[in-house]
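Chemist: Quick one: the structure is below, and I'll ask about it shortly.
Residue numbers (the UniProt record's numbering): 1 to 465.
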């Protein structure tokens, strides 16, 4: 692995049977269960379920070919295989002794409804989304006679939908002009939240401009749900971020200024928003917890890291090496940090290399602020301090400013524990979101990892008597 690359892919990608041009092999990815489901069509349909975690074995099922599959998922407890072949119904099959049982079906209650998709919101709860609304059901499978119990429905026009399993928030597009209805899904219930209106800044030069699900990313960043609105035209160069507040309403909070235009892919890595530009084959990194200029009380961000590239060589059958084009239109990104090449049959996890980042961010105060916001960054932070003090890469003024930043974080750490009347923990991981920083540098850390090394260096450089 190249240690000079800030963005890296894991060494051992998950492999699966690639999709075929003839459509006899289709590949699906479920962000909730983190499973790749490969469907081979023919006289018999073969279904291979691969976990994005290397520790789980594949599940393989065979059944009669009853037509093409447009969507397929496992229930959250992996006891029911669910698929959609038409826009009329969902097909469910219990899994017993590693084999599929006879199918049973779930139909929309709304008259003349066109089924858009389905979501497992709990181990035995499934949500149907149609163009006429949403319907929540309880599924009692794994018994001699399966039962499907209706829980609740909401009648509303739906163009398309996107779901966050992290917060159980369903975002419905209710027209093509940027109006959304968020719903909160809880066991047996559906609650409407405040509607969201996204201003598309429609240009008179671009006819029929609208917002599609390709323009919307619904994902947690720093453990708070955000909506990322990607540009709706190639001439726009910013991403608008809406944040779910404590009142369960989405409010415009950040604007990310892009350095390139064109088609984008998005990942979230260590709470960083990573933007991949397919046209320039490069990536930018944004951190919405760093300081930024404000306009109309909205934080305006430039990338903290820019013009990065991701490269990966894979070994094909026969031993030949192949350089993957991870910025091609074939590759797809899923949240938080998944990149899939369906044609080659590889799934990677995108990672951040803090050692390489430390070499790129020149402003030491910005670097320390950046590192303190990253989990597992204590070693990289101490190395940065060593370089500044022991290896004399910074002057005294810059070192003083850096320690001011460290002390502010440490003071917040102390105040948090005093207010909560809890003893100080040796664990530097901070759970409280209000503290933001994931790492706290204490006096003992600086003494052991910086000052002791500085004294050793001074001792070694003394002239012998």
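Backbone N, C-alpha and C fix where the C-beta goes; we use that ideal spot for every residue, glycine too.
Since the model is a prediction, treat every value here as computed from it, not as a measurement.
Taking just the CA atoms, how far does residue 460 sit from residue 53?
Modeler: Taking the straight line from one Cα to the other gives about 49 Å.
Chemist: Spatial neighbours of residue 188 within its chain, please: C-beta separation below 6 Å, excluding the five flanking residues on both sides.
Modeler: Excluding sequence neighbours, residue 188 sits near 151.
Chemist: Are the beta-carbon atoms belonging to residue 374 and residue 438 less than 8 Å from one another?
Modeler: Taking 8 Å as the Cβ cut-off, residue 374 and residue 438 qualify as a contacting pair.
Chemist: Assuming residue 337 and residue 267 are in contact, meaning their beta carbons sit under 8 Å apart, how far apart are those beta carbons, in whole angstroms?
Modeler: About 5 Å separates the two Cβ atoms, so the contact holds.
Chemist: Could you pull out every residue in the same chain whose Cβ sits closer than 6 Å to the Cβ of residue 166, ignoring the five residues on either side in sequence?
Modeler: Within the same chain, residue 166 has close Cβ partners 220.
Chemist: DSSP state of residue 277, grouped into three classes?
Modeler: Residue state, collapsed to three classes: strand.
Chemist: Nearest to residue 69 by alpha carbon, out of 138, 88, 259 and 382?
Modeler: For the residues 138, 88, 259 and 382, the minimum Cα distance to residue 69 belongs to 88.
Chemist: Measure the alpha-carbon distance for residue 107 versus residue 97 and round it to whole angstroms.
Modeler: So the two alpha carbons sit approximately 27 Å from each other.
Chemist: Smallest Cα separation from residue 322: which of 330, 311 and 329?
Modeler: When each option's Cα is compared against that of residue 322, the closest is 311.
Chemist: Hey, which unbroken runs of the alpha helix (DSSP H) at 4 residues or more fall wholly within the stretch 164 to 199?
Modeler: The qualifying runs do not exist here; there are none.
Chemist: Buried or exposed, going by whether 16 or more other CB atoms sit within 10 Å of the CB of residue 178?
Modeler: By the neighbour-count rule (16 or more Cβ atoms within 10 Å), residue 178 is buried.
Chemist: Span of the alpha helix (DSSP H) holding residue 133?
Modeler: Premise fails: residue 133 lies in the beta strand (DSSP E), 133 to 140, not in any alpha helix (DSSP H).
Chemist: Assuming contact is defined by CB atoms lying nearer than 8 Å, are residue 218 and residue 241 in contact in what I supplied?
Modeler: It is not a contact, given that the beta carbons lie outside the stated cut-off.
Chemist: Quick test of the definition: if touching needs 3 or more C-beta pairs under 8 Å, does the stretch 324 to 343 touch the stretch 19 to 35?
Modeler: Verdict: yes, contact present.
Chemist: Say the cut is 7 Å; is the CB of residue 258 nearer than that to a heavy atom of the ligand ATP?
Modeler: The ligand ATP is not part of the structure shown, which contains no ligands of any sort.
Chemist: Please state whether the Cβ-Cβ distance between residue 239 and residue 258 is less than 8 Å.
Modeler: Contact flag set, yes.
Chemist: Buried or exposed: where does residue 11 fall if 16 or more other Cβ atoms within 10 Å of its Cβ makes it buried?
Modeler: That one is exposed.
Chemist: I believe residue 358 touches residue 367 by the beta-carbon criterion, under 8 Å. Please report the beta-carbon distance rounded to the nearest angstrom.
Modeler: 6 Å between Cβ atoms; contact.
Chemist: From which residue to which residue does the alpha helix (DSSP H) around residue 371 run?
Modeler: 364 to 372 is the extent of the alpha helix (DSSP H) around residue 371.
Chemist: Taking C-beta to C-beta, are residue 71 and residue 123 nearer than 8 Å?
Modeler: Cβ distance not < 8 Å, so residue 71 and residue 123 don't count as in contact.
Chemist: What does DSSP give as the partner residues of residue 295 in its beta bridges?
Modeler: For residue 295, which the question treats as bridged, DSSP gives the partners 298.
Chemist: Would you mind sorting residue 133 into buried or exposed? The rule is 16 or more other CB atoms within 10 Å of its CB.
Modeler: Residue 133 comes out buried.
Chemist: Pull up the CB-CB distance for residue 495 and residue 79, whole angstroms please, since I reckon it's below 8 Å.
Modeler: The chain is shown from 1 up to 465; residue 495 falls before or after that span and cannot be answered.
Chemist: Distance check for residue 120 and residue 446, CA to CA, integer angstroms please.
Modeler: Those two C-alpha atoms are separated by around 49 Å.
Chemist: For the alpha helix (DSSP H) containing residue 64, list its first residue and its last residue.
Modeler: Per DSSP, residue 64 belongs to no alpha helix (DSSP H); it is in the beta strand (DSSP E), 59 to 64.
Chemist: Going by DSSP, name the residue or residues bridged to residue 30.
Modeler: Looking at the DSSP assignment, residue 30 forms a beta bridge with 35.
Chemist: Could you give the DSSP three-state label for residue 16: helix, strand or coil?
Modeler: In the structure shown, residue 16 sits in coil (DSSP, three-state: anything other than H, G, I, E or B).
Chemist: Using 8 Å as the cut-off, can you tell me whether the stretch 31 to 49 makes contact with the stretch 388 to 405, which would need three or more C-beta pairs spanning the two stretches below that distance?
Modeler: No, because fewer than three Cβ pairs between the stretch 31 to 49 and the stretch 388 to 405 fall closer than 8 Å, the two stretches do not touch.
Chemist: Could you check the C-alpha separation between residue 394 and residue 400 for me, to the nearest Å?
Modeler: Rounded to whole angstroms, residue 394 to residue 400 spans 10 Å at the Cα level.
Chemist: Is it buried or exposed, residue 216, if we count other Cβ atoms within 10 angstroms and call 16 or more buried?
Modeler: Buried.
Chemist: Considering Cα atoms alone, identify which of 279, 346 and 402 is closest to residue 371.
Modeler: Closest by alpha carbon: 402.
Chemist: By Cβ distance below 6 Å, which residues in the same chain neighbour residue 413 in space, the five residues on each side in sequence not counted?
Modeler: Correct list, in chain order: 440.
Chemist: Can you check which of these residues, 104, 86, 102 and 92, is closest to residue 115 by C-alpha distance?
Modeler: Checked all of 104, 86, 102 and 92; the closest Cα to residue 115 is 86.
Chemist: On the CB-based measure, 16 or more other CB atoms within 10 Å of its CB, does residue 455 come out buried or exposed?
Modeler: Under this definition residue 455 is an exposed residue.
Chemist: Residue 215 by DSSP, collapsed to three states: which one?
Modeler: Correct three-state label for residue 215: helix.
Chemist: If you draw a straight line from the C-alpha of residue 13 to the C-alpha of residue 457, how long is it?
Modeler: Distance between the alpha carbons of residue 13 and residue 457 is about 43 Å.
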